[in-house]
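Protein chains in written order, with this note's numbering: chain A, 1 to 223; chain B, 1001 to 1218.
Even for Gly, the Cβ is constructed at its ideal location relative to N, Cα and C.
Note sheet for the following structure.
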């Protein structure tokens, strides 16, 4: 969707401010929001694309007033309600009265403390072993789609309808634009594509500078 | 989301339970507490697992991991070649692998090319080697400007790149993660690998800074 999360190329946000000696978390609640989001992810009820897609549905008017882990919390609340695991009504009732009881939910994939190290040390999540033919090759000139889907996409606005050069074939991965819209994994090749800065931004950009973006087969056609 | 005001979430109209120092819980604190208690009571998360997750990213996984890899690459030419050819495998040699780093690509900064890493769409970052991303990396100014004005961003941050050097910006749109191998500072020939590790800052591995000069140099 053409949401405010898709920030590449926008103006008016001011300078980048780096906080010296920044801690991983700035408030105790951020630790908790971080941990429950990651732990709940291991329930296997959604993947990271669906998580990102849900966060992108935060109303645009609220986006810049919402802190990073608040956005995670928003996404988690919505995902849990959508999957019927923690309903919005249950949250409202528990907030009014912390002693309101709830029934246990039986789930096989509850992350146990003893499994945290192994689970978080495991990288594999989105790459697949599916035998899918590559539609493009390293060295190919490609043209990106011109699309404006209302759902989730990992094709940033600033790269749409642009010409680039395939530099790497990363192999076969879950297609975020499909998975994020609850349409299944649709595995396909991911490529790294080099876009000249002038192709993206016009003659004001320095010739020779470039932006490299990882895109899926469906995003690309021969140029 | 680029909220950097620590008081932002403390709404005065949301008075709930009181903490030790009598400050009312903010709306977001109440939401987190409510959701965590429901997840635990329903048996959907294990409280001990939450503590283990927090401990992992507060004390064990952070930019020191990446710094050790960089220092090794500076002193060991064979490791440098392995790192640039297959970052995932080379990082795994150090035991650094896992979540948010399914495929790691390491980009070498040289006198001809300067690499810079961003995620314009959210906050993708190589957790296994750099830990959790800093606020500035997740902020609107960086995500908006890194791709359209990388030289301006670098100038402002005191890491300006000469005109004859190509700037390459890497936007992390899929599950491939990027880390920069910064240039080894001059005057470090006599330093040990452990000493070199201390010169490698988080920001130099994102590409918005150069590695620190050794003390007394310059």
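**Request:** Assign residue 1149 of chain B to one of two classes, buried (16 or more other C-beta atoms within 10 Å of its C-beta) or exposed (fewer than that).
**Result:** By the neighbour-count rule (16 or more Cβ atoms within 10 Å), residue 1149 of chain B is buried.
**Item:** Between the CA atoms of residue 56 of chain A and residue 25 of chain A - distance to the nearest angstrom
**Value:** Counting only the Cα atoms, residue 56 of chain A lies some 22 Å from residue 25 of chain A.
**Asked** Looking only at its own chain, which residues have a Cβ that is under 8 Å from the Cβ of residue 1151 of chain B, when we skip the five neighbours before and after it?
**Response** Cβ neighbours of residue 1151 of chain B beyond the five flanking positions: 1160, 1161 and 1167.
**Asked** Whose C-alpha, out of A:191, A:95 and A:69, is nearest the C-alpha of residue 172 of chain A?
**Response** For the residues A:191, A:95 and A:69, the minimum Cα distance to residue 172 of chain A belongs to A:191.
**Request:** Sort B:1114, B:1124, B:1108 and B:1198 by Cα distance to residue 1102 of chain B and report the nearest one.
**Result:** For the residues B:1114, B:1124, B:1108 and B:1198, the minimum Cα distance to residue 1102 of chain B belongs to B:1124.
**Asked** Are residue 1087 of chain B and residue 1105 of chain B touching if we call contact CB-CB under 8 Å?
**Response** For residue 1087 of chain B and residue 1105 of chain B, yes; Cβs fall inside 8 Å.
**Prompt:** What's the C-alpha gap between residue 86 of chain A and residue 77 of chain A?
**Reply:** Those two C-alpha atoms are separated by around 8 Å.
**Request:** Assign residue 146 of chain A to buried or exposed, taking buried as 16 or more other Cβ atoms, counted over all protein chains shown, within 10 Å of its Cβ.
**Result:** With fewer than 16 other CB atoms across the displayed protein chains lying within 10 angstroms of its CB, residue 146 of chain A is exposed.
**Message:** Taking only three categories from DSSP, how would you classify residue 169 of chain A?
**Reply:** Under the three-state reduction of DSSP, residue 169 of chain A is assigned to strand.
**Item:** Residue-chain proximity (residue 156 of chain A, chain B), Cβ-Cβ < 8 Å
**Value:** Yes, its Cβ sits closer than 8 Å to a Cβ of chain B.
**Request:** Under 8 Å between beta-carbons, which chain A residues line up against residue 1057 of chain B? List them in chain order, please.
**Result:** Listed by position along chain A, the residues whose Cβ is nearer than 8 Å to that of residue 1057 of chain B are 24 and 34.
**Prompt:** Using 8 Å as the limit for Cβ to Cβ distance, is residue 1210 of chain B near chain A?
**Reply:** No, residue 1210 of chain B lies away from the interface with chain A (no Cβ there is under 8 Å from its Cβ).
**Request:** Within the same chain, show all residues whose beta-carbon is closer than 6 Å to that of residue 1074 of chain B, passing over the 5 residues directly before and after it, in chain order.
**Result:** Leaving aside the five residues that flank residue 1074 of chain B on each side, the residues in its chain whose CB is nearer than 6 Å to its CB run, in chain order, 1184 and 1196.
**Request:** Return the chain-ordered list of same chain residues with a C-beta closer than 6 Å to the C-beta of residue 1145 of chain B, the five sequence neighbours on each side being excluded.
**Result:** The residues are 1153.
**Asked** If you scan the segment 1059-1142 of chain B from start to end, which runs of the beta strand (DSSP E) of 3 or more residues do you find wholly inside it?
**Response** For the segment 1059-1142 of chain B, the continuous beta strand (DSSP E) assignments of 3+ residues that do not extend past its boundaries occur at 1103-1108 and 1113-1118, in sequence order.
**Interface residues of the segment 60-71 of chain A facing chain B [CB-CB below 9 Å]** = For the segment 60-71 of chain A, residues whose beta-carbon sits nearer than 9 Å to a beta-carbon of chain B comprise 63, 64, 65, 66, 67, 68, 69, 70 and 71.
**Message:** Alpha carbons only, please: which of A:218, A:186 and A:164 is nearest the one belonging to residue 194 of chain A?
**Reply:** When each option's Cα is compared against that of residue 194 of chain A, the closest is A:164.
**Request:** Could you name the residues of chain D that residue 1194 of chain B contacts, counting a contact when the two beta carbons are closer than 9 Å?
**Result:** Structure shown: chain D not included; protein chains present are A and B.
**Item:** residue 1200 of chain B - DSSP class collapsed to helix/strand/coil
**Value:** Coil.
**Message:** Going by DSSP, what residue range makes up the alpha helix (DSSP H) through residue 145 of chain A?
**Reply:** Segment: none, residue 145 of chain A is in no alpha helix (DSSP H) and carries neither H nor E.
**Prompt:** At a Cβ threshold of 8 Å, is residue 1142 of chain B touching chain A?
**Reply:** A Cβ of chain A is located within less than 8 Å of the beta carbon of residue 1142 of chain B.
**Request:** With DSSP collapsed to three states, give me the class of residue 205 of chain A.
**Result:** In the structure shown, residue 205 of chain A adopts coil according to DSSP, grouped into three states.
**Prompt:** What residues from chain B crowd round residue 40 of chain A, counting only those whose CB sits closer than 7 Å?
**Reply:** Those are 1039, 1044 and 1045, listed as they occur along chain B.
**Asked** In three-state DSSP terms, what is residue 1006 of chain B?
**Response** For residue 1006 of chain B, the pLDDT reaches just 41, beneath the cut-off of 50, and the residue's location in the model is therefore unreliable, leaving the point undetermined.
**Asked** Would you say residue 29 of chain A faces chain B, with C-beta separation under 8 Å as the test?
**Response** Yes, because at least one Cβ of chain B sits closer than 8 Å to the Cβ of residue 29 of chain A.
**Request:** Measure from the C-beta of residue 1181 of chain B to each C-beta in chain A and report whether the shortest distance is under 8 Å.
**Result:** No Cβ of chain A is located within less than 8 Å of the beta carbon of residue 1181 of chain B.
**Item:** Interface residues of chain B facing residue 208 of chain A [CB-CB closer than 8 Å]
**Value:** From the beta-carbon of residue 208 of chain A, the residues of chain B found nearer than 8 Å are 1166.
**Message:** Once the 5 residues before and after residue 1207 of chain B are set aside, which same chain residues still bring their CB inside 6 Å of it?
**Reply:** The answer, listed in chain order, is 1115, 1116, 1117 and 1180.
**Item:** Three-state class that DSSP yields for residue 1 of chain A in the structure shown
**Value:** Reduced to three states, the DSSP call for residue 1 of chain A is coil.
**Message:** Classify residue 222 of chain A: buried if its beta carbon has 16 or more other beta carbons within 10 angstroms, exposed otherwise.
**Reply:** Counting Cβ neighbours within 10 Å, residue 222 of chain A comes out exposed, since fewer than 16 surround it.
**Message:** So the candidates are B:1056, B:1139 and B:1186; which of them puts its Cα closest to the Cα of residue 1098 of chain B?
**Reply:** Residue nearest to residue 1098 of chain B within the set B:1056, B:1139 and B:1186 is B:1056 (criterion: CA-CA distance).
**Asked** Taking a cut of 9 Å between CB atoms, which residues from the segment 107-137 of chain A lie near chain B?
**Response** Of all residues in the segment 107-137 of chain A, 107, 110, 111, 112, 113, 114, 115, 116, 117, 119, 120, 121, 122, 123, 124, 125, 126 and 127 have a Cβ within less than 9 Å of some Cβ in chain B.
**Prompt:** Name the chain B residues that come within less than 7 Å of residue 10 of chain A, Cβ to Cβ?
**Reply:** What residue 10 of chain A touches in chain B, judged by beta-carbon distance under 7 Å, is 1144, going in chain order.
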